[in-house]
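Structure record follows, encoded as structure tokens.
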Amino acid sequence: MTVLYSQRGAMHPVTRRMRAYFAPVNRATTTPSIFDAAQSGNFELDSPPQPWIDSGWITNFERTAGTAIEAVRSGARGTAQQQFRAKAQASVGFDFREWGKLQMAISSGSQHINLLAEQSNASPAASGGAAILAVATSAGSTASELSIGLGAVNGFNAGDLVAVDVDYAQETGYVGAGIPGAFVKNAADVLFDPNYVRRVTFNIGRVAAKTQSTLQLAQPLLAGVPASNASVQKVIGFVDREGGSFFQEWSGLFVADSETGARVYYYYPRLQPASAAQEKGADIAGAFDGWSLRTKLIALPTKDAIDNEQVLCYRSYVPAQTAAVY
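Numbered according to our numbering, the sequence shown spans residues 4 to 329.
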């Protein structure tokens, strides 16, 4: 007699931690970045394919399905005759274990601001004062190397963070190369700050080295080759603010990589913040605390191309090669 249980190995996903990845949403068309689980064999966790950005390990992952299922009832006893979904709702919460621009922006919920290096006589300002003049990029710049000319490179050193984007020209709507960093409702609100786009842009790089006329970046810029009218400014750090009217929106992918060879993917086409910025400390040893960014996001709907169904989240399971089917 065959013992079926012996054939059911590798069916229990056992993971240590979750990995989180994010990709931009086209805000003008609400078009998300696509994750195709059928092509997940090409998804390298340490070097994900474009446009996905690795945001590192996360903990305390918890997803909530708030979709209500109700019934149509009839008869003397109110017997259920058929079911329907009264509302569609889903959210996800977790702790970022690493701090960086992406992690802070997603957990903050509103604009995420680059602290531009300031002029020596700049008046103090909570979101950054008068910035050092930007340096224009020139022809020949790439996503990994910025051509700024002889002499201009002396204002930068290896290890510096830089923002690369265009001057603010009193436009309204979404601003920021590649990934919107803010939405300008009224140009007068920005008070003629030509550096505003670089203050909110996600087009950030770190200088790894420099030549006589170029800055060589450690990683390619997220928006690719800079625009012909882009400029560069040094960034000291980042700041976010509780409040504000802008909502971040990203496609999110959460990966549970099993020790048995399987993978579980949670793909949210559209995520926006569901809570304000918060963080918490966890004891590590003695007087040391580890600070994590607590994040809660709500899923917005998109339509699946194969049948036009409204979808909030996709859960995919890619079993190990030795696993039983069911």
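We treat Cβ as the ideally placed atom computed from N, Cα and C, and that holds for glycine.
On the CB-based measure, 16 or more other CB atoms within 10 Å of its CB, does residue i come out buried or exposed?
i: Met4; result: Confidence at Met4 is low in this model, with a pLDDT of 49, below 50, so the placement of that residue should be treated as unreliable; the coordinate-derived value is given next. When all chains shown are included, Met4 counts as exposed.
i: Ala2; result: The shown model of the chain, from 4 to 329, leaves out residue 2, and the question about it has no answer.
i: Asn189; result: exposed
i: Tyr8; result: Since pLDDT at Tyr8 reaches only 47, below the 50 mark, its modelled position is unreliable, and no value is offered.
i: Thr33; result: exposed
Determine whether the beta carbon atoms of residue i and residue j lie at a separation below 8 Å.
i: Gln114; j: Leu296; result: no
i: Tyr271; j: Ala308; result: no
i: Val165; j: Lys237; result: yes
i: Pro183; j: Arg30; result: yes
i: Arg202; j: Leu136; result: no
i: Phe159; j: Lys90; result: no
i: Ala333; j: Pro54; result: Not covered by the structure: residue 333. The range shown for the chain is 4 to 329.
i: Phe25; j: Ser319; result: no
i: Ile116; j: Gly96; result: no
i: Ala161; j: Ala211; result: yes
i: Ala226; j: Gly293; result: no
i: Gln251; j: Ala108; result: yes
i: Thr204; j: Gly240; result: no
i: Ser216; j: Gly112; result: no
Do you know whose CA, among the options, lies nearest residue i's CA?
i: Asp196; options: Ala326, Gln92 and Ala134; result: Ala134
i: Val193; options: Gly176, Ile207 and Arg209; result: Gly176
i: Val258; options: Gln92, Leu48 and Asp168; result: Leu48
i: Gly143; options: Pro51, Leu218, Tyr171 and Phe97; result: Leu218
i: Thr305; options: Gln92, Glu121 and Ile207; result: Gln92
i: Ala139; options: Asn117, Ser248, Gly132 and Asp170; result: Asp170
i: Met21; options: Val328, Ser278, Tyr268 and Gln84; result: Tyr268
i: Trp102; options: Trp60, Arg80, Arg66 and Gln122; result: Trp60
i: Ser231; options: Gly44, Gly78, Asp39 and Leu149; result: Leu149
i: Thr263; options: Ala125, Gly240, Ala326 and Asp243; result: Ala326
i: Val235; options: Asp57, Val200 and Glu282; result: Val200
If I follow the unbroken alpha helix (DSSP H) through residue i, where does it start and stop?
i: Ser111; result: Lys104 to Ser111
i: Val203; result: Tyr199 to Val203
Could you round the C-beta distance between residue i and residue j to whole angstroms and report it? I think they count as a contact, below 8 Å.
i: Leu156; j: Gly208; result: According to the sequence as given, residue 156 is Val; it is not Leu. Not a contact, Cβ separation roughly 14 Å.
i: Ala2; j: Ser110; result: An answer regarding residue 2 cannot be provided, because it is not within the stretch 4 to 329 covered by the chain.
i: Asp98; j: Asn124; result: Asp98 to Asn124, Cβ: 41 Å. No contact.
i: Val28; j: Arg273; result: 6 Å
Looking at chain C, is there any beta carbon in it that lies within less than 8 Å of the beta carbon of residue i?
i: Thr175; result: No chain C appears in the structure shown, which is made up of a single protein chain.
Kindly indicate the opening and closing residues of the beta strand (DSSP E) around residue i.
i: Gln219; result: Thr217 to Leu220
i: Val165; result: Leu164 to Val169
i: Tyr270; result: Arg266 to Pro276
i: Asp57; result: Ile56 to Ala68
i: Pro27; result: Met21 to Pro27
i: Asn160; result: No beta strand (DSSP E) holds Asn160; DSSP gives it neither H nor E.
i: Val321; result: Tyr317 to Val321
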